[in-house]
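Engineer:
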Amino acid sequence: GLPPEPAGKLIDMLLAMDAYPVASIGDKLHVRHLSDAFDIYEFYDATAREQAVVSPDLAATVAETTPLKVLFAGQPAVVQSQLERLDAALGHELNFVRSHEFFGEATAPGVNKGTALAALANRLGIAREETLAIGDENNDIEMLTWAGCGLAMGNANTAVRAAADAIVPSVVEHGVTWALQRYVLSS
């Protein structure tokens with residue numbers, strides 16, 4: 019989880035920027051209040067409303083109970099600006115990444131999908147060369163570069179495409195299905 023002190027600073031900074039932080043604590047999503055920004059998050063996670071907990075003093079909640087990550091939602095240009103400001107101020111204490119055009123997120127240093135995939139493969143006794151990962155956003159880059167075969171979706175941005183071993187069709191073209199047929203199920 020995020021270290022308490024920088025996590026508290028993060029929440030304060032996000033609120034000062036009029037951002038909408040969502041703290042993932044356990045299996046709940048803590049927010050100061052429900053708003054249109056939460057609706058954006060809910061559009062991509064249909065179970066979000068069930069997981070929502072209103073915590074009016076979100077900074078105190080985050081300081082008391084370590085969040086796994088803090089996500090913030092907004093319009094794409096605003097999220098990019100916020101990511102840059104947060105990284106400049108807290109990048110030495112937290113990891114910042116764009117996880118979707120509408121979302122930025124913060125995790126503890128060294129925590130990313132690449133380290134998660136490595137830990138899972140190790141736990142299951144699967145060699146790195148036998149792993150396959152598919153991604154489309156910046157939070158997938160470490161996973162794509164760690165995997166034995168890293169595939170970028172056709173709708174991925176330039177940085178994700180550059181990190182991948184190959185490009186597969188886009189989400190709307192059923193790229194994951196195509197990739198599984200091509201790289202896993204074919205002889």
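Numbering (my numbering), first residue to last: 19 to 205. Built from N, CA and C at the ideal position, the CB exists for glycine as well.
What does a CB cutoff of less than 6 Å around residue 43 pick up in its chain, not counting 5 residues either side in sequence?
Structural biologist: Once the five neighbours on either side are set aside, the close Cβ partners of residue 43 are 83 and 85.
Engineer: Between the alpha carbons of residue 77 and residue 200, how many angstroms are there, rounded?
Structural biologist: Rounded to the nearest angstrom, the two C-alpha atoms are 47 Å apart.
Engineer: In angstroms with no decimal places, state the Cα-to-Cα distance between residue 94 and residue 203.
Structural biologist: Approximately 37 Å between the Cα atoms of the pair.
Engineer: Compare the C-alpha of residue 271 against each of 68, 55, 172 and 54 and name the closest.
Structural biologist: Lying outside 19 to 205, the shown extent of the chain, residue 271 is not represented and no answer is given.
Engineer: I'd like to check one pair, residue 139 with residue 149: are the Cβ atoms closer than 7 Å?
Structural biologist: Contact flag set, yes.
Engineer: Apply the 10 Å Cβ neighbour rule to residue 144 and answer buried if 16 or more other Cβ atoms are within range, or exposed otherwise.
Structural biologist: Exposed, by the Cβ-count rule.
Engineer: Pull up the CB-CB distance for residue 134 and residue 151, whole angstroms please, since I reckon it's below 8 Å.
Structural biologist: 10 Å between Cβ atoms; not a contact.
Engineer: Exposed or buried, what is residue 75 when buried is set at 16 or more other beta-carbons lying within 10 Å of its beta-carbon?
Structural biologist: Exposed.
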